[in-house]
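Residue numbers (this note's numbering), protein chains in the order written: chain S, -16 to 59; chain F, 308 to 685.
The structure under discussion appears below in the form of structure tokens.
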């Protein structure tokens, strides 16, 4: 079952990767993010991969949690 | 063209039948009814043997029928030839003498072909090709895999049990299967291959590793009902031990006992006696970050077989980032390094990854200098 990305471009999200995800990469910071970083979503590729300023990111949306909706949006 | 066991059986049976019919037809106008009837019976035996080879009774019955037929055929040929040789004048016409000689030649040729058929038609190990070359094996349980193997080896296959091994045999081609504790399947074959299959995300068995060895050592293991592992000193399904020579051990390794402190996060953590080798898939640009070894909590996979391509590694190891790895690193650890696993990689829906690979964890990381690389992958 495909679950649509709950975030939109402009949302503020916190990078909260799973322990396994952190362990899979020798330096997860190579993607421009550290756990608990809060960033603004700039692009959503393939409906799931989140990218941020400078092309950082590339992790799926389920590695993030919402920090703040973009201006004008409400939690449904 | 390579014939599999069934085609060989059918060919031999049909050849035997054809020779019987031809010789019977040739001699029937000039010989007595008993001889003709005998030849017809031989022909029928050939047809029956060829049919049974491919249908029901299996290898032993059809072999007996074929050998019996060949003995009778050869006997008639020798008898005819000896009779003509000792007393050519006993025949009353050139036709009859010629038919007798032809009959002798046909029957002796047929007898020789059938008697020496194992040499002329070697058992076709190519029939195992789809299994041993990495084709996904069907079935969600070990017994279904066995059924699939039987189907691949043909209806002449029979099976026996030898210790932990389920042995399937068709003529001289055989497979021995054993289900390991982690649910993976190890298969030994008569062509000197040992392969291991693991369950993939879509409930199928996927080739996980392959090693070569001598067929004789495999026969010993199977005959003794022994267990086997890729790493006999670590676990029954652990990674290969770098210091081994590639031969198989006849005693399986044991998981660490409960209460030894070597269990973590629900997974068995083993302390290997030898050096263990793994692969960590990552990025070539990060080489400098590996100088201190893998970080605590890192993951790696086994180092058997050819390295995976980047997208394949991403899919089978369920790497979540969109960027597939472009390199792998060799990781070697000694007995002082705790290693978790092996575990099959679970599939993920987000992002869509099939999983099915094998993963190990290093709860305390690995020591400086334990990582070599990068080795680029496409």
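We put the beta carbon where it would ideally sit given N, CA and C, even for glycine.
If you're wondering where the values come from, they're calculated on a predicted model, not measured in any experiment.
Q. Smallest Cα separation from residue 9 (chain S): which of F:645, F:464, F:495 and F:593?
A. Here residue 9 (chain S) is taken as the residue at index 26 of the first chain, counted from 1. Closest by alpha carbon: F:593.
Q: Under 9 Å between beta-carbons, which chain F residues line up against residue 28 (chain S)? List them in chain order, please.
A: Taking the first residue of the first chain as 1, we reach residue 28 (chain S) at position 45. In chain order: 629.
Q) In chain order, what residues of the stretch 666 to 678 of chain F put their CB closer than 8 Å to some CB of chain S? A) 668
Q) What number of angstroms, rounded off, separates the C-alpha of residue 502 (chain F) from the C-alpha of residue 615 (chain F)? A) For the purposes of this step, residue 502 (chain F) is identified with residue 195 of the second chain, where counting begins at 1. For the purposes of this step, residue 615 (chain F) is identified with residue 308 of the second chain, where counting begins at 1. If you take the alpha carbons of residue 502 (chain F) and residue 615 (chain F), they lie about 17 Å apart.
Q: Helix, strand or coil for residue 503 (chain F), going by three-state DSSP, please let me know.
A: The sequence position of residue 503 (chain F) within the second chain is 196, counting from 1. Residue 503 (chain F) falls in the strand class under three-state DSSP.
**Q.** Residues within the stretch 3 to 24 of chain S neighbouring chain F, beta-carbon criterion of under 8 Å
**A.** 3, 4, 5, 6, 7, 8, 9, 10, 13 and 14
Q. Counting Cβ pairs closer than 8 Å, one from the stretch -4 to 8 of chain S and one from the stretch 19 to 33 of chain S, do we hit at least three?
A. yes
Q: Assign residue 3 (chain S) to one of three DSSP states: helix, strand, or coil.
A: Here residue 3 (chain S) corresponds to residue number 20 of the first chain, with the count starting at 1. Helix, per DSSP.
Q: Go through its chain and collect everything with a Cβ distance to residue 677 (chain F)'s Cβ below 8 Å, but skip five positions before and after it.
A: The residue labelled residue 677 (chain F) in the question sits at position 370 within the second chain. If we look at residue 677 (chain F) and ignore the five residues flanking it on each side, its Cβ neighbours are 600, 601, 638, 639, 640 and 644.
Q: For residue 26 (chain S), name the three-state secondary structure that DSSP assigns.
A: Along the first chain, one-based indexing puts residue 26 (chain S) at 43. Note: residue 26 (chain S) maps to strand in three-state DSSP.
**Q.** Same chain, Cβ closer than 7 Å to residue -8 (chain S), five either side skipped, listed in chain order
**A.** Taking the first chain and counting its residues from 1, one reaches residue -8 (chain S) at position 9. Cβ neighbours of residue -8 (chain S) beyond the five flanking positions: 24, 25, 26 and 27.
Q | residue 592 (chain F) - DSSP class collapsed to helix/strand/coil | A | Working through the second chain from its first residue, we reach residue 592 (chain F) at position 285. Reduced to three states, the DSSP call for residue 592 (chain F) is helix.
Q) Does any C-beta atom of chain F lie closer than 8 Å to the C-beta of residue -13 (chain S)? A) What you label residue -13 (chain S) is simply residue 4 of the first chain in a count that begins at 1. It does not: the Cβ of residue -13 (chain S) has no partner Cβ on chain F nearer than 8 Å.
Q) Which residues of chain F have a Cβ atom closer than 8 Å to the Cβ of residue 41 (chain S), listed in chain order? A) The residue you call residue 41 (chain S) lines up with position 58 of the first chain. Under the 8 Å cutoff, chain F gives 628, 629 and 630.
Q) residue 601 (chain F) touches chain S at which residues, Cβ-Cβ below 8 Å? A) Locating residue 601 (chain F) in the second chain gives position 294, counting from the first residue. The contacting residues are 9.
Q: Throw me the rounded Cβ distance for the residue 708 (chain F) and residue 41 (chain S) pair, which I believe falls under 8 Å.
A: The structure shown does not extend to residue 708 (chain F), since chain F is modelled only from 308 through 685, so no value can be given for it.
Q) Got a sec? Which residues, its chain only, sit under 7 Å from residue 664 (chain F) by beta carbon, not counting five neighbours each side? A) For the purposes of this step, residue 664 (chain F) is taken as residue 357 along the second chain, with counting starting at 1. Excluding positions up to five away in sequence, the list reads 608, 623, 624 and 652.
Q | Rounded C-alpha distance that separates residue 336 (chain F) from residue 468 (chain F) | A | On the second chain, residue 336 (chain F) is found 29 positions in, with the first residue counted as 1. On the second chain, residue 468 (chain F) is found 161 positions in, with the first residue counted as 1. Residue placement at residue 336 (chain F) is poorly supported in this model, since its pLDDT is 47, which falls under 50; the coordinates still yield a value, given next. C-alpha separation (whole angstroms): 54 Å.
Q) How many Å lie between residue 694 (chain F) and residue 633 (chain F) at the Cα? A) With chain F represented from 308 up to 685, any question about residue 694 (chain F) goes unanswered, as that position is not in the structure.
Q | Per-residue contacts from residue 597 (chain F) into chain S (C-beta, under 7 Å) | A | Translated into positions along the second chain, residue 597 (chain F) becomes position 290. The contacting residues are 9.
Q. For residue 658 (chain F), which residues of its own chain have a beta-carbon under 7 Å away from its beta-carbon, when the five flanking residues on both sides are left out?
A. Your numbering for residue 658 (chain F) matches position 351 in the second chain. Answer for residue 658 (chain F): 627, listed in chain order.
Q | For residue 625 (chain F), the first and last residue of its enclosing alpha helix (DSSP H) | A | Numbered from 1 along the second chain, position 318 holds the residue referred to as residue 625 (chain F). Run containing residue 625 (chain F): none; DSSP gives neither H nor E here.
Q) What is the C-beta distance between residue 33 (chain S) and residue 47 (chain S), in whole angstroms, given that I count them as a contact (C-beta under 8 Å)? A) Taking the first residue of the first chain as position 1, residue 33 (chain S) is located at position 50. Taking the first residue of the first chain as position 1, residue 47 (chain S) is located at position 64. The pair is a contact, with the Cβ atoms about 6 Å apart (cut-off 8 Å).
Q) If you measure from the beta carbon of residue 658 (chain F) to each beta carbon in chain S, is any gap under 8 Å? A) Sequence index remark: in the second chain, residue 658 (chain F) carries index 351 (1-based). Answer yes: the Cβ-Cβ gap between residue 658 (chain F) and chain S drops below 8 Å somewhere.
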